[in-house]
Structure formats: C-alpha cells, structure tokens
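First the structure, in the form of structure tokens, and then the observations on it.
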Ligand SMILES: [Zn+2]
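Here it is, written out as structure tokens:
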C-alpha cells in the first residue's frame, strides 16, 4: 500500500477528534442534534488548523447513512467517499484557482440538480476570499435562498477579504491556532500509535516550530522520521529547523530575571555563533515571558494549555524571580525590539542591549514594593514595642513616640517641616506623596541616630537588598525609616 503522510492518515474523522476547536465542533454538533442546520457555513482561520477537515466532517455528519448525526460512522459508502474527497454529492472547489465568474456559474448549474444518493448536496469552497467580485455577486442570490437540499461550506485564511454580503449570509466560525500543549498531546498520541520513540522536548520543539498549525507539525514529524528514523530527540528537531533548545531559552529568561548580565551575554554569543535565528529567538523569548505572566496572573491551570509539564515546573520556579509588573515591562521591551530587528544593522547587538535593559528592569523595585516594606517595618516595630511595654497599647504608643528621633537642634529651618514622626502608609499612596515625604525623612535624620545607645543593636534588615535603576533611592528610604524608628527594627 502506498505511503500516506501522517497529516492525511491521522486526519480527524469525527467532531471529537478535532483538536483545539471545541467552540466550533460543539456548536455544529448542537445544531445537528437540534435539527437547526444552516444553509451556509464560513470557517475562518490560519492554514493547517483544520478548516478543510471540519468541512468534510460536517459533510459526513450531514450525509452519513446513519445521519444526520454528530458521530458519522466513517464506514458507510457516503462517509468513505467524502473522506477520500470522491463523493458525487460533495463538491470540493479550490476557489484560489477557480475564482472566475464562469467557475461559479458551473457551481450554480450543479445546484439545480438534487443529490444523487445522499441527503444533501454539499459545496465546499476552499480559499473563498480569492473569488472575484463578479464571482461573489453571481453567488449571492443562490446563497440567500438555496434549494433545501443544498449546503454551502466556505473556508478561508483571510476572512477580511470575503465580501460582507457573503459573510452575512453564512454562519461564521473563527477557528483558533492550536495551543502548543494540544499539539504536543496529539503528536504524542500519533507517535505512540505509530511506534515512534520520541522525547517530550522533541515534540515540544516541533510544536513550537509549527506556529499553532497541526498539519505543519505533522509534516515536520514526517520529515524528521525520514531524516532520523523512528528514534527522535530534541537535538534532531533543533538541527533540522534551526530552533533554540528549550533549556537555552529558559536559561536565557532566567538570566534576565536574575539580572545576570554576563550570563545573558554568554548565552546570546553562543546562540549567535551557532547560527540561531535571533528573530525567532526573540519571538520565543517573548512567548516564554507571556506564559510566565499567564502563570503568575491566572495560575497553572490556564498556563497548562500552552505549555508542557516540564515547562510548567520552570514557570513555577521563575515566577518567584520577578513581579508581574516587571514581566510586563520586559515583554514590552521585547515586543519593541521585535519591530526594530528588521532594520537593525547588528541584530546581535540590539538583542544584547535589549536583554540587558530587560535584566535591569527585572530587578527594579516598584514604589508599591517600597511602601509595602516600609509599612511592614513600621508594623513590626509597633508590635515589638507593644510586646516590650507591659501596660498595653497606650504605653506602646508612648514608646513609639519616644523612639522617634527628635528634631536636630543644629538645623533651624528643619523643625517647622516636621508634621509627623513616622510615615503612615495612607499618606504615601502616590508618587507625589512619596516625594513630599522624603524631605521630612531627610530633615529628621540629619546627624547621627541618637538612639544608638538605647537600641538593642545596630539596625539590621535581613530582607534582600533592594536595587533600583536610579541609584540608592530605596536603600536611603529604608535607612531613613530605620532611623525614624530609632534603630529598633529587626526584620
Ligand atoms: Zn457513515
């Protein structure tokens, strides 16, 4: 028997087999069950995601000898004929090469005749956006009121180019790109059935290279089997398609998140010297950070749709390295770089500089974080003082007042600008307020802290040191806070 490529051999035969288009298959199945079948359907979506497959399954569902049914049997003459594209009553037309008005007249001639052996006469027009305006117009009248035995199914990659008058006469379905996770699961299923030994990372690399198209992924798998046989690893896929390994990609993202500039430069140099495509690298890095943000904001369940279990574990570990706000900033910088890559004279330099900027952004501390830490310091101090004062909260307040430093006598202008001894968090809701508060701190802290003798020891903060992109700003605020509390703070 002649060899059949995987994409054809494993073409779905029922709605349940279609991958990643549940919103469409559910609606179509419901319409069949409720006997509310429209006379024209329009499937829109990128190539290789199942438009033609869905058209044939719908035709089989309508014309199966057991039907109309949501589960066409696949073994009757009608089902087999449709699956092979050789059924008299299901006319498939490639509108890209049959786009003239004469071609549509040919279709309209056939519309007049009832189906020979089936329930419906189904016309499947692929790439329907290629039809000329005259051809579209010739179709309009029949599309509005076709004979009851006629069903039209249109498929296109460019929905915007289909005339609105056509779209409004159809039920429109927008098919989605298939998620990486769904493609990997489908490839795994097929590889197991075909007896192909392949690692998860290799399947992931194929899925990454196929941009959400299952047919492209299966074609790539076919090519790899021809290249390497039935034992495939990630390195084989990377070698054939010029992709960056998952490990290298995740390592680079980790360097960015940790602010590890030497690590970034080393990785970019290694990838560039091994001939990897920097544009592709940027797109994949952006996708990684997108997944990281999804993980942080929406949790593992939603992130799992687009990644494998191994990737999920990495996302979990990396999500602790930077705040969501920072990930958004990094993604913004990478997106901006993506647009500039085409015109860049030195792509590698642009990538390096952008990733260094991203690394700096990853370690920048937000004002929210500063306020959160200051508030925590204040609350902790109040609790400690309350614990140390046996007479209750009033005594703690008094202790806190005592702990606050007194205005320094050496600076005559300063005492008038001291409305409060400590920074209340409610007073610091905006950046303007923060700036307003700073002079107070400054004024309070002129000279040495005078509580050194009373305090338990030198101020100690065990929290991770805060770095900022604009110098020691945060550290100074924290130091001011420590002085405000008389050196009594131990975090
Ligand atoms: Zn059948």
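In this note's numbering, the protein residues as written are 117 to 607.
Don't be surprised by glycine CBs; every beta carbon is placed ideally from N, CA and C.
1) Out of 376, 297 and 172, state which residue places its alpha-carbon closest to the alpha-carbon of residue 141.
2) Alpha carbon to alpha carbon, what distance is there between residue 497 and residue 561?
3) Would residue 457 and residue 395 qualify as a contact pair, given that the criterion is a beta-carbon distance under 8 Å?
4) How is residue 206 classed by DSSP in three states: helix, strand or coil?
5) Consult DSSP for residue 124 and reduce its assignment to one of helix, strand or coil.
6) Distance, Cα to Cα, residue 405 vs residue 411?
7) Which residue wins for smallest C-alpha separation from residue 288, given the options 270, 376 and 454?
8) Within its chain, find whatever has a CB closer than 6 Å to the CB of residue 443; leave out the 5 residues flanking it on each side and keep chain order.
9) Residue 371: beta carbon under 7 Å from a heavy atom of ligand 1?
10) With respect to the beta strand (DSSP E) encompassing residue 288, which residues constitute its N-terminal and C-terminal limits?
11) Would you say residue 194 and residue 179 are within 8 Å of each other, going by their C-beta atoms?
12) Within 10 angstroms of its Cβ, does residue 154 collect 16 or more other Cβ (buried), or is it exposed?
13) Pop quiz: residue 186 and residue 145 are said to be a contact at Cβ under 8 Å. What is the actual Cβ separation, rounded to whole angstroms?
14) Can you tell which of 416, 437 and 439 has the C-alpha that lies nearest to the C-alpha of residue 428?
15) Among the residues of its own chain, which have a CB less than 8 Å from the CB of residue 473, if the five just before and after it don't count?
16) With H, G and I counted as helix, E and B as strand and the rest as coil, what does DSSP make of residue 241?
17) Could you check the C-alpha separation between residue 565 and residue 441 for me, to the nearest Å?
18) Answer yes or no: the CB of residue 162 versus the heavy atoms of ligand 1, is any distance below 7 Å?
19) In whole angstroms, what separates the C-alpha of residue 331 from that of residue 466?
20) Work out the CA separation of residue 307 and residue 400 for me, nearest whole Å.
21) Would you list, in sequence order, the uninterrupted beta strand (DSSP E) runs of no fewer than 3 residues that lie entirely inside the region 264 to 289?
22) Please state whether DSSP places residue 348 in a helix, a strand or coil.
23) Since residue 157 sits in a beta bridge, which residues does DSSP pair it with?
24) Indicate whether residue 167 and residue 291 have their beta-carbon atoms separated by less than 8 Å.
25) Tell me whether residue 319 is buried or exposed, calling it buried when 16 or more other Cβ atoms sit within 10 Å of its Cβ.
26) With which residues is residue 503 paired in a DSSP beta bridge?
27) As a quick exercise: from 323, 293 and 265, pick the residue whose alpha carbon is nearest that of residue 299.
28) Rounded to the nearest angstrom, what separates residue 148 and residue 238 at their Cα positions?
29) Report the three-state DSSP secondary structure of residue 355 (helix, strand or coil).
30) Report yes or no: do the region 240 to 259 and the region 207 to 214 share at least 3 C-beta pairs separated by less than 8 Å?
31) What does the alpha-carbon distance come out to for the pair residue 263 and residue 421?
32) I need the boundaries of the alpha helix (DSSP H) containing residue 135, first residue and last residue.
33) Measuring alpha carbon to alpha carbon, tell me which of 425, 504, 314 and 469 ends up nearest residue 384.
34) Would you call residue 188 buried or exposed, if buried means 16 or more other Cβ atoms sit within 10 Å of its Cβ?
On the basis of the supplied data:
1) The residue labelled residue 141 in the question sits at position 25 within the chain shown. The shortest C-alpha separation from residue 141 is found at 172.
2) In the chain shown, residue 561 corresponds to position 445, counting from 1. In the chain shown, residue 497 corresponds to position 381, counting from 1. In this prediction, residue 561 has a pLDDT of 35, which is less than 50 and means its spatial position is unreliable; what the coordinates show is noted afterwards. Cα to Cα, residue 561 sits roughly 18 Å from residue 497.
3) Along the chain shown, one-based indexing puts residue 457 at 341. Along the chain shown, one-based indexing puts residue 395 at 279. In this structure, the beta-carbon distance from residue 457 to residue 395 falls below 8 Å.
4) For the purposes of this step, residue 206 is taken as the residue at position 90 of the chain shown. Here residue 206 sits in strand by DSSP.
5) One-based indexing of the chain shown puts residue 124 at position 8. Assigned with DSSP and collapsed to three states, residue 124 falls in helix.
6) In the chain shown, residue 405 corresponds to position 289, counting from 1. In the chain shown, residue 411 corresponds to position 295, counting from 1. Just so you know, the alpha carbons of residue 405 and residue 411 end up roughly 10 Å apart.
7) Within the chain shown, the letter at position 172 stands for residue 288. Taking residue 288 as reference, the option from 270, 376 and 454 with the minimal CA-CA separation is 270.
8) On the chain shown, residue 443 is found 327 positions in, with the first residue counted as 1. Setting aside the 5 residues that flank it on each side, residue 443 is surrounded in the same chain by 405, 408 and 409, each with a C-beta closer than 6 Å to its C-beta; the list follows chain order.
9) Numbered from its first residue, the chain shown carries residue 371 at position 255. Flag unset: Cβ of residue 371 not near ligand 1.
10) Here residue 288 refers to the residue found at position 172 when the chain shown is read from its first residue. First-last of the beta strand (DSSP E) with residue 288: 287 to 290.
11) As a working mapping, residue 194 is identified with position 78 in the chain shown. As a working mapping, residue 179 is identified with position 63 in the chain shown. Yes, Cβ-Cβ distance for residue 194 and residue 179 is below 8 Å.
12) As a working mapping, residue 154 is identified with position 38 in the chain shown. Residue 154 sits exposed, since fewer than 16 C-beta atoms from the chains shown fall within 10 Å of its C-beta.
13) If you number the chain shown from 1, residue 186 lands on position 70. If you number the chain shown from 1, residue 145 lands on position 29. Correct: roughly 4 Å between the Cβ atoms.
14) The residue given as residue 428 occupies position 312 in the chain shown. Ranking the options by Cα distance to residue 428, first place goes to 416.
15) As a first step, residue 473 must be located in the chain shown, where it is residue number 357. Cβ neighbours of residue 473 beyond the five flanking positions: 449.
16) Position 125 of the chain shown, counting from 1, holds the residue named residue 241. The answer is strand: DSSP assigns residue 241 an E or B state.
17) Along the chain shown, read from residue 1 onward, the residue named residue 565 stands at position 449. Along the chain shown, read from residue 1 onward, the residue named residue 441 stands at position 325. Note on residue 565: pLDDT 40, under 50, position unreliable in the model; the coordinate value appears next. One C-alpha to the other measures close to 36 Å.
18) Indexing the chain shown from 1 puts residue 162 at position 46. No, since every heavy atom of ligand 1 falls outside the 7 Å radius drawn around the Cβ of residue 162.
19) Position 215 of the chain shown, counted from the start, is the residue given in the question as residue 331. Position 350 of the chain shown, counted from the start, is the residue given in the question as residue 466. Roughly 34 Å between the two C-alpha positions.
20) For the purposes of this step, residue 400 is taken as residue 284 along the chain shown, with counting starting at 1. For the purposes of this step, residue 307 is taken as residue 191 along the chain shown, with counting starting at 1. Cα to Cα, the separation comes out at about 25 Å.
21) For the beta strand (DSSP E) assignment, the uninterrupted runs of no fewer than 3 residues enclosed by the region 264 to 289 are, from N- to C-terminal side, 266 to 272.
22) The count along the chain shown starts at 1 and reaches residue 348 at position 232. The answer is strand: DSSP assigns residue 348 an E or B state.
23) Here residue 157 refers to the residue found at position 41 of the chain shown. Residue 157 pairs with 269 and 287.
24) By 1-based counting over the chain shown, the position of residue 167 is 51. By 1-based counting over the chain shown, the position of residue 291 is 175. In this structure, residue 291 lies closer than 8 Å to residue 167 by Cβ.
25) By one-based count along the chain shown, residue 319 stands at place 203. Residue 319 should be labelled buried.
26) In the chain shown, counting from the first residue as 1, residue 503 sits at position 387. Answer by DSSP bridge pairing: none, since residue 503 is not bridged.
27) Here residue 299 refers to the residue found at position 183 of the chain shown. The shortest Cα separation from residue 299 among 323, 293 and 265 belongs to 323.
28) For the purposes of this step, residue 148 is identified with residue 32 of the chain shown, where counting begins at 1. For the purposes of this step, residue 238 is identified with residue 122 of the chain shown, where counting begins at 1. Pairing residue 148 with residue 238, the inter-Cα distance amounts to about 15 Å.
29) Indexing the chain shown from 1 puts residue 355 at position 239. Residue state, collapsed to three classes: helix.
30) Three or more beta-carbon pairs separated by less than 8 Å link the region 240 to 259 to the region 207 to 214, which places the two stretches in contact.
31) Along the chain shown, read from residue 1 onward, the residue named residue 263 stands at position 147. Along the chain shown, read from residue 1 onward, the residue named residue 421 stands at position 305. In this structure, the alpha-carbon of residue 263 lies about 43 Å from that of residue 421.
32) Position 19 of the chain shown, counting from 1, holds the residue named residue 135. Residue 135: not part of any alpha helix (DSSP H); DSSP gives it neither H nor E.
33) Numbered from 1 along the chain shown, position 268 holds the residue referred to as residue 384. Looking at the Cα atoms, 469 is the closest of the given residues.
34) Locating residue 188 in the chain shown gives position 72, counting from the first residue. Result: buried.
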